[in-house]
Structures are given as structure tokens and as C-alpha cells.
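Q:
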Amino acid sequence: MSAPAPSDAPQPAPPDSARVQRPAVRDPRGYWRANRNLIAVLLVIWGSVSLGCGVLFVEPLNAYRIGKLPLGFWIGQQGSIFLFVVLIFVYAFAMDRLDRKYGVKE
Numbered sequence: 158m159s160a161p162a163p164s165d166a167p168q169p170a171p172p173d174s175a176r177v178q179r180p181a182v183r184d185p186r187g188y189w190r191a192n193r194n195l196i197a198v199l200l201v202i203w204g205s206v207s208l209g210c211g212v213l214f215v216e217p218l219n220a221y222r223i224g225k226l227p228l229g230f231w232i233g234q235q236g237s238i239f240l241f242v243v244l245i246f247v248y249a250f251a252m253d254r255l256d257r258k259y260g261v262k263e
């Protein structure tokens with residue numbers, strides 16, 4: 158009877174057929190083009206709201222109040238952050254759809 162091998166002994170590498178292979182993207186250029194376009198659109202939205210509502214259009218927005226503070230203050234201080242969090246979820250959802258469309262699985 159032989160003794161069992163110690164658990165810290167090096168294990169042989171699995172054969173190539175047992176290794177997990179990632180499927181290739183069907184159209185890598187199209188995938189990255191769509192990814193860049195999505196990022197660009199979301200950044201333009203975020204920048205427009207942050208700059209537009211927080212700086213450029215703050216005076217008309219200040220005509221409205223939330224509590225005792227003007228709306229322009231709220232958008233400048235919190236609105237762009239809230240929008241950024243929403244855009245993160247939009248990006249995650251859109252990337253899931255994009256991954257399925259191009260056959261990318263993780």
C-alpha cells in the first residue's frame with residue numbers, strides 16, 4: 158500500500174482540452190467601436206448635465222427651490238453625482254446587451 162500524495166505536492170497541468178477557452182469575438186472591431194461609441198455618448202450626457210445644469214444654466218434653475226436651497230445648487234452639488242451613478246447602471250446594462258450581441262461571455 159502506498160501513502161497518499163501530500164496536498165502541497167505540485168499538480169500536473171490539465172491537458173489543453175480541459176482548459177477553459179474564451180470564445181472569440183465575432184467582430185472585434187465592431188465590438189470595440191460600439192463600446193467606444195457607448196462610452197462617448199454617456200460621457201457627453203454626463204458632461205452636458207454637469208456643465209450645463211451646474212454652471213451654464215444655474216441662474217434659470219435657481220428660480221426653483223428644493224427646501225430652502227435653489228435647484229441650481231442641488232444639481233451642481235448632487236445632480237451630476239446622481240446622474241453618474243445612473244449612467245454606471247446604464248453602461249452595465251448596455252454592455253451586457255452588447256456582449257450578448259457579439260458573443261462575448263465572461
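In case it helps, the numbering used here puts the sequence shown at residues 158 to 263.
For each residue, glycine too, the CB sits at the ideal point set by N, CA and C.
If I follow the unbroken alpha helix (DSSP H) through residue 188, where does it start and stop?
A: Taking the sequence shown and counting its residues from 1, the one referred to as residue 188 is at position 31. Start and end: 185-205.
Q: Name, in chain order, the residues that DSSP records as bridge partners for residue 223.
A: In the sequence shown, the residue the question calls residue 223 occupies position 66. Residue 223 pairs with 226.
Q: What residue from 183, 199, 184, 221 has the CA that sits closest to residue 251's CA?
A: In the sequence shown, counting from the first residue as 1, residue 251 sits at position 94. Closest option to residue 251, Cα to Cα, is 199.
Q: Pairing CB atoms from the region 219-227 with CB atoms from the region 183-196, are three or more of them under 8 angstroms?
A: Verdict: no, contact absent.
Q: Counting Cβ pairs closer than 8 angstroms, one from the region 201-212 and one from the region 232-241, do we hit at least three?
A: At 8 angstroms Cβ cutoff, the stretches touch.
Q: Using DSSP with H/G/I as helix, E/B as strand and the rest coil, what is residue 260?
A: Translated into the one-based positions of the sequence shown, residue 260 becomes position 103. Here residue 260 sits in coil by DSSP.
Q: So what's residue 214 in DSSP terms, helix, strand or just coil?
A: On the sequence shown, residue 214 is found 57 positions in, with the first residue counted as 1. Residue state, collapsed to three classes: coil.
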